[in-house]
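Chemist: Okay, so the sequence shown: first residue is 2 according to my numbering, each after it adds one.
Supplied in structure tokens, the structure appears directly below.
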Amino acid sequence: MGNTITKTILKNHIVEGEAVIGKEVALKIDQTLTQDATGTMAYLQFEAIGIPRVKTELSVSYVDHNTLQSDFRNPDDHLYLQSIAQRFGIHFSRPGNGICHQLHLERFAKPGKTLIGSDSHTPTAGGIGSFAIGAGGLDVSVSMAGMPYRIKYPRVMGIKLTGKLSDWVSAKDIILEILRRLGVKGGVGYVLEYYGPGVKTLSVPERATITNMGTETGATTSIFPSDEITKGFLEAQERGDSWVEFIPGEDADYDKVLEINLSEVEPLVAIPHSPGNVKTVKELAGLKVQQVAIGSCTNSSLLDMKRVAGILNGKTISESLHLTISSGSRQVVDHLIESGEMGYLIQAGARILENACGPCIGMGAAPPSGAVSVRTFNRNFLGRSGTKDADIYLVSPETAAATSITGILTDPRDLGKYTGVKMPDKFNINDNMFMPPLSPTESEKIEIIRGPNIKPLPDFPPLPNNLEGEALLKVEDDITTDHIMPAGAKILPFRSNIPEISKFVFGVIDDTFPQRALDKKGGFIIGGENYGQGSSREHAAIAPKYLGIKAVIVKSFARIHLANLVNFGIVPLTFKNPEDYDNIDQGDNISIEIGNLDEIVKLTNKTSGLEIELEHSLSDLDKEILKVGGKLPWVKKQVK
Ligand code: MIC
Ligand code: SF4
């Protein structure tokens, strides 16, 4: 059998459409996950669909993002999520339990299953051989309602791993090497599938670090084989019965191949402000550092923390910086306490944060003004840390720990002899912070708790035939959803309140935007390549829609954001000739003939008199959805 793992799993799940590259296929979804920053909206939408109980094999609602409780908003949202989970047959992971992706890997992810999550790092579960995709909250709620999830049938990029990592070099350096080669657009349209003799040198958490950050290449997802190592991991989690073997056929047919010799990989660092700007740590060694932050769904496994503890044992962190450590789950913390390694972290001077996203999403631990912050996270987008003029560098846990001792960016190989870590044979299992679903009869009795922060979803009207208005904002290439809808401790509490959160749209680029958009009764956004890369947050579509944005016209889109725009009735259009980007200025008056959304859509720049041809990649279903004003009204019609 010459199939890739991707093709095998997709074949088992396609319920509609043909397995032809670029053609839309509908997939049966086995599992879903949500987190609190996107979950409130996803469940408001699920409620609006009107289904009594989720129809998936397993759905989990995690609370890990908005854990700072500086007022009633975040805790209100958490109570809402808990009551929703009990009402609709969903597992609930209580605040304090850990980061969704780490927990899902430990307790629920299964090889060969499909998983969609309202978080762009859902592919973390690819480390265990699950076909896991990040999506907008509405797409996740539609999957919970039992409808299939649609993707363009992907190309498969085989990433052949040979050799073995050298001492002090880790999985994070592998994915940084891949980002160095592919950049933040190189994975678009692909599933990154790992194979080759190097695979067996990597444990499941290491594989998960790699699939987690594969998201930053723009890939649909990333996946590792499910082999003996996967089996061992599942057995150590007392989940051996979930193991199924998935390995690619000998002559598996990849659409493209990238080869990485693990023996040649060295410690790497992504420099501001993109995970795709990768250099060697050696090149930048000596850079003065004011903060080190260890954790996030990329690097918060027990293995990562043990390596950090080994480096910090008996040391004191540099006076020039502070160090925060957030573990991925209570299981990780439990082991660190049991082994005494938690003591090494505390004695060295680390500030131990709760098991949550924390500084990764700007929930506390913002760096000082103009600081250099070295982090084990996956994103270093402008302003995401909470400090607009801070410079964020992304590294491995080994590089971060070495740096925290010296106060300057340090190649961990300078630490001398590598001591290695001892992993437990069995993990400590304690699921008491998961609330399992209630029985249907018990569920019916649950009242949904809605604090004053939970505002109803705004209604959006059907799409008119002609769109008129001003080009309200013109932006460059690689605009991230952190530019469009910033996160952080101040803004995240409004995730369930669209009118309030819309006041922060494009705040890091132009804070006059929201008011201008409202004053002009909406208009258009003009952008470059890879518009909307990064997070899955659908607020980056809903909030602009609320401000009256009618269409976004760019050179190209990132996958999840494109789907989110369609879901909320904003027309995503691309320039037929990319040079036409120069023929629209901010402030120009524009008119677009939408009609039936034919292959070519005509735009008239009324200010200059120029006519511009636009294209799109919309399927017939997308067009139908746009016409009725978005996916929610469309789905409501289907379930009636
Ligand atoms: C992120 O890393 O940006 C997030 C926060 O996890 C997001 C989801 C969100 O915006 O709430 C993601 O990656 O999808
Ligand atoms: Fe949380 Fe950061 Fe991972 Fe997003 S990238 S899920 S904010 S830890």
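Backbone N, C-alpha and C define an ideal beta-carbon position, used for all residues, glycine too.
Where does residue 248 fall in DSSP's three states?
Modeler: On the sequence shown, residue 248 is found 247 positions in, with the first residue counted as 1. Coil at residue 248, not helix or strand.
Chemist: On the premise that residue 330 lies in contact with residue 103, defined as a C-beta separation below 8 Å, what is that separation, rounded to the nearest angstrom?
Modeler: For the purposes of this step, residue 103 is taken as the residue at position 102 of the sequence shown. For the purposes of this step, residue 330 is taken as the residue at position 329 of the sequence shown. About 5 Å separates the two Cβ atoms, so the contact holds.
Chemist: Within its chain, find whatever has a CB closer than 6 Å to the CB of residue 456; leave out the 5 residues flanking it on each side and keep chain order.
Modeler: In the sequence shown, counting from the first residue as 1, residue 456 sits at position 455. Excluding residues within five positions, the ones whose Cβ falls inside 6 Å are 498.
Chemist: Let me know the secondary structure DSSP gives residue 307 once reduced to three states.
Modeler: Against the sequence shown, residue 307 aligns to sequence position 306. Helix, per DSSP.
Chemist: For residue 45 and residue 539, I'd like the C-alpha separation in whole angstroms.
Modeler: Counted from its first residue, the sequence shown places residue 45 at position 44. Counted from its first residue, the sequence shown places residue 539 at position 538. When rounded, the distance between both Cα atoms is 13 Å.
Chemist: How many angstroms separate the CA atom of residue 1 from the CA atom of residue 9?
Modeler: The structure shown has nothing for residue 1, since the chain only spans 2 to 641.
Chemist: DSSP state of residue 2, grouped into three classes?
Modeler: On the sequence shown, residue 2 is found 1 positions in, with the first residue counted as 1. Any reading at residue 2 needs caution, since the residue's pLDDT is 49, under 50, leaving its predicted position unreliable; the model's value is listed next. Reduced to three states, the DSSP call for residue 2 is coil.
Chemist: Just checking my contact of residue 50 with residue 149 at CB under 8 Å: how many whole Å lie between their CB atoms?
Modeler: Position 49 of the sequence shown, counted from the first residue, corresponds to residue 50. Position 148 of the sequence shown, counted from the first residue, corresponds to residue 149. That pair is no contact at about 14 Å.
Chemist: Please confirm whether any heavy atom of the ligand SF4 lies closer than 6 Å to the CB of residue 300.
Modeler: The sequence position of residue 300 within the sequence shown is 299, counting from 1. Not under cutoff, so the answer is no.
Chemist: By how many angstroms is the C-alpha of residue 309 removed from the C-alpha of residue 435?
Modeler: If you number the sequence shown from 1, residue 435 lands on position 434. If you number the sequence shown from 1, residue 309 lands on position 308. C-alpha separation (whole angstroms): 28 Å.
Chemist: Quick check on this structure: which residue in 587, 530, 640 and 553 has the alpha carbon closest to the alpha carbon of residue 184?
Modeler: In the sequence shown, the residue the question calls residue 184 occupies position 183. Comparing Cα positions, the closest option is 530.
Chemist: At a cut-off of 6 Å, would you count residue 38 as near the ligand MIC, judging by its Cβ distance to the nearest heavy atom?
Modeler: Position 37 of the sequence shown, counted from the start, is the residue given in the question as residue 38. Indeed, a heavy atom of the ligand MIC lies less than 6 Å from the Cβ.
Chemist: On the DSSP letters alone, give me the boundaries of the alpha helix (DSSP H) that residue 484 sits inside.
Modeler: One-based indexing of the sequence shown puts residue 484 at position 483. Element bounds for residue 484: 482 to 485.
Chemist: If you count every other CB in all the chains shown that lies within 10 Å of the CB of residue 653, and 16 or more means buried, which is it?
Modeler: Outside the displayed span of the chain (2 to 641) sits residue 653, for which this structure offers no information.
Chemist: Using only the heavy atoms of the ligand SF4, determine whether one of them is closer than 6 Å to the beta carbon of residue 379.
Modeler: Sequence index remark: in the sequence shown, residue 379 carries index 378 (1-based). Checking every heavy atom of the ligand SF4 against the Cβ of residue 379, one is found closer than 6 Å.
Chemist: Closer than 6 Å: is that where the CB of residue 54 sits relative to any heavy atom of the ligand MIC?
Modeler: As a first step, residue 54 must be located in the sequence shown, where it is residue number 53. No - the ligand MIC has no heavy atom lying nearer than 6 Å to the Cβ of residue 54.
Chemist: Let me make sure I understand the geometry here. Which of 233, 244, 179 and 232 has the alpha-carbon closest to that of residue 213?
Modeler: The residue you call residue 213 lines up with position 212 of the sequence shown. Of the candidates 233, 244, 179 and 232, the one whose C-alpha sits nearest the C-alpha of residue 213 is 179.
Chemist: In this structure, does DSSP put residue 312 in helix, strand or coil?
Modeler: As a first step, residue 312 is located in the sequence shown; it is residue number 311 there, counting from the start. In the structure shown, residue 312 sits in a helix (DSSP, three-state: H, G or I).
Chemist: Do residue 130 and residue 35 have their CB atoms nearer than 7 Å?
Modeler: The residue given as residue 130 occupies position 129 in the sequence shown. The residue given as residue 35 occupies position 34 in the sequence shown. Contact flag unset, no.
Chemist: In whole angstroms, what is the alpha-carbon distance linking residue 86 and residue 350?
Modeler: Position 85 of the sequence shown, counting from 1, holds the residue named residue 86. Position 349 of the sequence shown, counting from 1, holds the residue named residue 350. Their backbone Cα atoms lie some 39 Å apart in a straight line.
Chemist: With DSSP collapsed to three states, give me the class of residue 15.
Modeler: One-based indexing of the sequence shown puts residue 15 at position 14. Correct three-state label for residue 15: strand.
Chemist: Compute the minimum distance between the beta carbon of residue 120 and the heavy atoms of the ligand SF4, and state whether it is under 6 Å.
Modeler: Taking the sequence shown and counting its residues from 1, the one referred to as residue 120 is at position 119. Result yes, Cβ under 6 Å from the ligand SF4.
Chemist: When you compare the CB positions of residue 126 and residue 136, do they come within less than 7 Å of one another, or not?
Modeler: For this step, residue 126 is matched to residue 125 along the sequence shown. For this step, residue 136 is matched to residue 135 along the sequence shown. Cβ atoms of residue 126 and residue 136: not closer than 7 Å.
Chemist: Just how far apart, CA to CA, sit residue 433 and residue 96?
Modeler: The residue given as residue 433 occupies position 432 in the sequence shown. The residue given as residue 96 occupies position 95 in the sequence shown. Spanning the two alpha carbons is a distance of roughly 12 Å.
Chemist: Use the C-beta contact count for residue 155: other C-beta atoms within 10 angstroms, 16 or more gives buried, fewer gives exposed.
Modeler: The count along the sequence shown starts at 1 and reaches residue 155 at position 154. Buried.
Chemist: Report yes or no: do three or more beta-carbon pairs, one from the segment 358 to 377 and one from the segment 281 to 295, lie closer than 8 Å?
Modeler: As far as the Cβ criterion goes, the segment 358 to 377 touches the segment 281 to 295, which means the pair count is three or higher.
Chemist: Is any heavy atom of the ligand MIC found at a distance shorter than 6 Å from the C-beta of residue 543?
Modeler: Within the sequence shown, residue 543 is the residue found at index 542, counting from 1. No; taking the cut-off as 6 Å, the Cβ of residue 543 has no heavy atom of the ligand MIC nearer than that.
Chemist: Any idea if residue 24 is buried or exposed, counting beta-carbon neighbours within 10 angstroms, 16 or more meaning buried?
Modeler: For the purposes of this step, residue 24 is taken as the residue at position 23 of the sequence shown. Result: exposed.
Chemist: Quickly, what does DSSP pair residue 525 with across the bridge? List them, please.
Modeler: Here the question's residue 525 lines up with position 524 in the sequence shown. Partner(s): 472 and 552.
Chemist: Identify whether residue 156 lies in helix, strand or coil by the three-state DSSP scheme.
Modeler: To locate residue 156, count along the sequence shown from 1; it is residue 155. Note: residue 156 maps to strand in three-state DSSP.
Chemist: Which residues mark the beginning and the end of the beta strand (DSSP E) in which residue 532 is found?
Modeler: Within the sequence shown, numbered from 1, the residue matching residue 532 stands at position 531. That residue, residue 532, is in no beta strand (DSSP E); it is neither H nor E in DSSP.
Chemist: Name the DSSP bridge partner or partners of residue 378?
Modeler: To locate residue 378, count along the sequence shown from 1; it is residue 377. None, per the DSSP bridge assignment.
Chemist: Answer yes or no: the CB of residue 362 versus the heavy atoms of the ligand MIC, is any distance below 6 Å?
Modeler: Counted from its first residue, the sequence shown places residue 362 at position 361. Residue 362 Cβ: within cutoff of the ligand MIC.
Chemist: Below 7 Å CB to CB, which residues in the same chain sit around residue 588 once its five sequence neighbours on both sides are set aside?
Modeler: For the purposes of this step, residue 588 is taken as residue 587 along the sequence shown, with counting starting at 1. So the list reads 471 and 472, once near-sequence residues are dropped.
Chemist: Is residue 461 near residue 630, with beta carbons less than 7 Å apart?
Modeler: Reading the sequence shown from its first residue, position 460 is the one you call residue 461. Reading the sequence shown from its first residue, position 629 is the one you call residue 630. Yes, the Cβ-Cβ distance between residue 461 and residue 630 is below 7 Å.
Chemist: Any heavy atom of the ligand SF4 closer than 6 Å to the beta-carbon of residue 62?
Modeler: Locating residue 62 in the sequence shown gives position 61, counting from the first residue. No, the Cβ of residue 62 stays beyond 6 Å of every heavy atom of the ligand SF4.
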